[in-house]
Structure formats: structure tokens, C-alpha cells
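S.K.: For the sequence shown, our numbering gives the first residue as 813, with consecutive numbering after it.
Below is one structure. I have some questions about it.
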Amino acid sequence: MRDFLTVDRVANQIRLRRSTYTGNFLLVEGSSDKTFYKRFVDKLVCELVETSGKPSSKQRAIDILKILEQSNFQGVLAIVDADFDRLETLLYTSYNLLRTDSHDLETMLINSLAFNKVSR
């Protein structure tokens, strides 16, 4: 069902949520990203928003971020996979947009010490 929500609708949901929630919003691509990042987020001051859907969850996260930034919405950050973005020339950049250091979250985990704990 989430696949059918437009980026405008998700952005509006976040704007409406602001009326009762003073914390920050962290846009992440999918459920595995949400599961990973929730370990590092204080739930009292930051709400994770999953942007999965079509065409791509990364592009949806960026589009939602753009919409919110254009309306000067404060307290939003997006974390997306780098994928092959560094090879492309037209990248959207923003202080509120973070890309993973490597291709995606999974390769970042494989390169970390955390992988040693899982493989044992």
C-alpha cells in the first residue's frame, strides 16, 4: 500500500505530523535501513520515515526531502545508499542529504567490524 503514496503525500504527512511532534525526521529507503538506523536514533527526538516504493526508494527519499526543503521545513534529514551516484554527474546535493560511504548499507556493514561478530 505504501508503494501507492506519492512523494507529495508523504511530505504532507510529515508536515501534518509537525503539528503534534517537535522532534526531527530521518528519511530512510527501506525497512532494513529503518531497522539498522533505529539503533542509533533517540526515538524521543527523532522519528524514522521509511520511503520505500516505486520508482526507487532512494529517489523517493530525495524527492520528499526536496519538497520539504522548498517549504523551509526544519528538522529533516535523509540517508540514502550511494549506489553508483559518484559515477554520475548530476547529483542532488543538500546539507540534509547523506549518502552511505560505500555502495549501500550492506557493503558498509561487510567492511565494518560488525561483520566479524555476525560471521562467528
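Backbone N, C-alpha and C fix where the C-beta goes; we use that ideal spot for every residue, glycine too.
In this text, all values refer to a predicted model and were calculated from it rather than measured experimentally.
#1: Within a Cβ cutoff of 7 Å, which residues of the same chain sit near Glu862, ignoring the five residues on either side of it in sequence?
#2: Unbroken beta strand (DSSP E) runs of length 3 or more, entirely within the region 865-906: which are they?
#3: When the Cβ atoms of the region 859-879 are set against those of the region 827-841, are three or more pairs found closer than 8 Å?
#4: Take Lys850 and list the residues in its own chain whose beta-carbon comes closer than 8 Å to its own, dropping the five residues that flank it on each side.
#5: Tell me whether Val853 sits in a helix, a strand or coil according to DSSP, three-state version.
#6: Write down the C-beta distance between Asn836 and Leu889 rounded to the nearest angstrom, noting that I regard them as a contact closer than 8 Å.
#7: Need the endpoints of the alpha helix (DSSP H) that Arg821 sits in, please.
#8: When the Cα atoms are used, what is the spatial distance from Ser906 to Ser868?
#9: By alpha-carbon positions, which one of Val892, Asn908, Leu909 ends up nearest to Phe848?
#10: Quick one: using the 10 Å Cβ neighbour count with 16 as the cut-off for buried, is Leu877 buried or exposed?
#11: First and last residue of the beta strand (DSSP E) that includes Asn836?
M.R.: On the basis of the supplied data:
#1: If you number the sequence shown from 1, residue 862 lands on position 50. Taken in chain order, the residues that qualify are Val840, Gly842, Ser843, Lys846.
#2: 888-892
#3: yes
#4: Along the sequence shown, one-based indexing puts residue 850 at 38. Cβ within range, chain order: Leu860.
#5: Position 41 of the sequence shown, counted from the first residue, corresponds to residue 853. Residue state, collapsed to three classes: coil.
#6: Locating residue 836 in the sequence shown gives position 24, where the first residue counts as 1. Locating residue 889 in the sequence shown gives position 77, where the first residue counts as 1. Confirmed, Cβ separation roughly 7 Å.
#7: Position 9 of the sequence shown, counting from 1, holds the residue named residue 821. Here the alpha helix (DSSP H) through Arg821 covers 819-829.
#8: On the sequence shown, position 94 is the one that residue 906 refers to. On the sequence shown, position 56 is the one that residue 868 refers to. Ser906 and Ser868: Cα-Cα distance of roughly 19 Å.
#9: Looking up residue 848 in the sequence shown gives position 36. Phe848 has its Cα closest to that of Val892, out of Val892, Asn908, Leu909.
#10: Stepping through the sequence shown from its first residue, residue 877 is reached at position 65. So Leu877 ends up on the buried side.
#11: As a working mapping, residue 836 is identified with position 24 in the sequence shown. In the DSSP assignment, Asn836 falls within the unbroken beta strand (DSSP E) covering 836-840.
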